[in-house]
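Visitor:
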Amino acid sequence: MRTAFFWLLAATEEAATEGGEHAAKGGADLVIPHIEELIWGSVAFLLFLIVVYKLIWPKIQEALEGREQKIRDDLEGAESARSEAEQILEEYRAKLADARDESNKILEEARKTAESLRRDMLAKAEEEAGLIVDRAKDEVEAEKRQAIGDLYREAGKVSIELAEKVVGRSLDREAQMALVDQYIADLEAMSASGG
């Protein structure tokens with residue numbers, strides 16, 4: 661490499677020396693160079709190309725290949741990251757859909773449970789209301805019987821007192837009971853026929 665550089669330097673110096681001699685002889689021809697200048701210039705250019713091709717071009721090529729490989733690796737990394745992101749997005753969408761389905765199921769179960777509780781509470785309330793009404797009817801019936809019994813007894817006492825006043829004497833216990841029973845039977849017959 662050093663020898664090629666020295667050859668190039670020597671050729672350049674020799675061309676400069678010849679050009680100076682030519683200028684001294686009769687002036688420089690700027691449009692058409694001398695054949696020696698053309699040959700030495702071509703040789704120098706070829707040597708320059710050889711030096712560039714042997715020494716510089718491999719480094720340029722290596723740098724370009726390294727850059728190309730880095731870009732390729734970056735693209736592969738980006739593609740991998742994009743693929744991974746799409747996979748994560750799909751997993752997220754699937755989980756979101758599952759969560760929506762689960763929430764819909766929970767809401768539907770809650771609606772069914774609420775409806776079932778409402779029906780149960782309504783049935784229980786109706787049952788309790790029926791029991792309360794039945795108890796009230798039983799109590800009214802018992803109080804009615806009690807009142808009728810009290811009324812009959814009171815009526816019996818009144819009738820005995822009236823009978824004693826009418827007869828003018830006191831009735832014995834058996835006569836009183838017979839009279840009360842007769843009076844109660846008459847009252848029951850009247851209440852049954854009269855309503």
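Start counting at 1 in the sequence shown, then tack on 660, and there's your number in the working numbering. C-beta: ideal position from N, C-alpha, C; glycine also.
(1) Under a CB-based cut-off of 9 Å, is Ile716 close to chain B?
(2) Compute the Euclidean distance between the alpha carbons of Gly809 and Lys784, then round it to the nearest angstrom.
(3) How would you label Trp700, buried or exposed, when you count the other beta carbons within 10 angstroms and need 16 or more for buried?
(4) Given a cut-off of 9 Å on the beta-carbon distance, is the pair Val793 and Arg813 in contact?
(5) For Thr663 and Ile720, what's the separation of their Cα atoms in angstroms?
(6) Please check the pair Leu777 and Ala815, which I expect to be a contact at CB under 8 Å, by giving their CB distance rounded to whole angstroms.
(7) Using three-state DSSP, classify Val793 as helix, strand or coil.
(8) Cutting at 8 Å between CB atoms, please list the residues of its own chain near Val818, excluding the five before and the five after it.
(9) Need the endpoints of the alpha helix (DSSP H) that Val703 sits in, please.
(10) How about Gln842 and Ile820: do their beta carbons lie closer than 9 Å?
(11) Would you tell me roughly how many angstroms separate the C-alpha atoms of Ala770 and Leu782, rounded to the nearest one?
(12) Helix, strand or coil for Asp832, going by three-state DSSP, please let me know.
(13) If you draw a straight line from the C-alpha of Val711 to the C-alpha of Glu736, how long is it?
Guide: If we stick to the structure as given:
(1) Looking for chain B here will not work: only one protein chain is present.
(2) By one-based count along the sequence shown, residue 809 stands at place 149. By one-based count along the sequence shown, residue 784 stands at place 124. Taking the straight line from one Cα to the other gives about 36 Å.
(3) Position 40 of the sequence shown, counted from the start, is the residue given in the question as residue 700. With 16 or more Cβ atoms within 10 Å of its Cβ, Trp700 is classed as buried.
(4) Within the sequence shown, numbered from 1, the residue matching residue 793 stands at position 133. Within the sequence shown, numbered from 1, the residue matching residue 813 stands at position 153. No. Outside cutoff.
(5) Taking the sequence shown and counting its residues from 1, the one referred to as residue 663 is at position 3. Taking the sequence shown and counting its residues from 1, the one referred to as residue 720 is at position 60. When only Cα atoms are considered, Thr663 and Ile720 end up about 23 Å apart.
(6) Residue mapping note: residue 777 aligns to position 117 of the sequence shown, counting from 1. Residue mapping note: residue 815 aligns to position 155 of the sequence shown, counting from 1. In fact, because the Cβ distance is near 55 Å, the residues do not count as touching under 8 Å.
(7) For the purposes of this step, residue 793 is identified with residue 133 of the sequence shown, where counting begins at 1. Val793: helix per DSSP, three-state reduction.
(8) Your numbering for residue 818 matches position 158 in the sequence shown. Here the set comprises nothing.
(9) Numbered from 1 along the sequence shown, position 43 holds the residue referred to as residue 703. Taken as a continuous stretch (DSSP letters only), the alpha helix (DSSP H) holding Val703 covers 695-711.
(10) In the sequence shown, counting from the first residue as 1, residue 842 sits at position 182. In the sequence shown, counting from the first residue as 1, residue 820 sits at position 160. In this structure, Gln842 lies away from Ile820, with their beta-carbon atoms at least 9 Å apart.
(11) Here residue 770 refers to the residue found at position 110 of the sequence shown. Here residue 782 refers to the residue found at position 122 of the sequence shown. When rounded, the distance between both Cα atoms is 18 Å.
(12) Counted from its first residue, the sequence shown places residue 832 at position 172. Three-state result, Asp832: coil.
(13) Counted from its first residue, the sequence shown places residue 711 at position 51. Counted from its first residue, the sequence shown places residue 736 at position 76. CA-CA distance, Val711 to Glu736, rounds to 36 Å.
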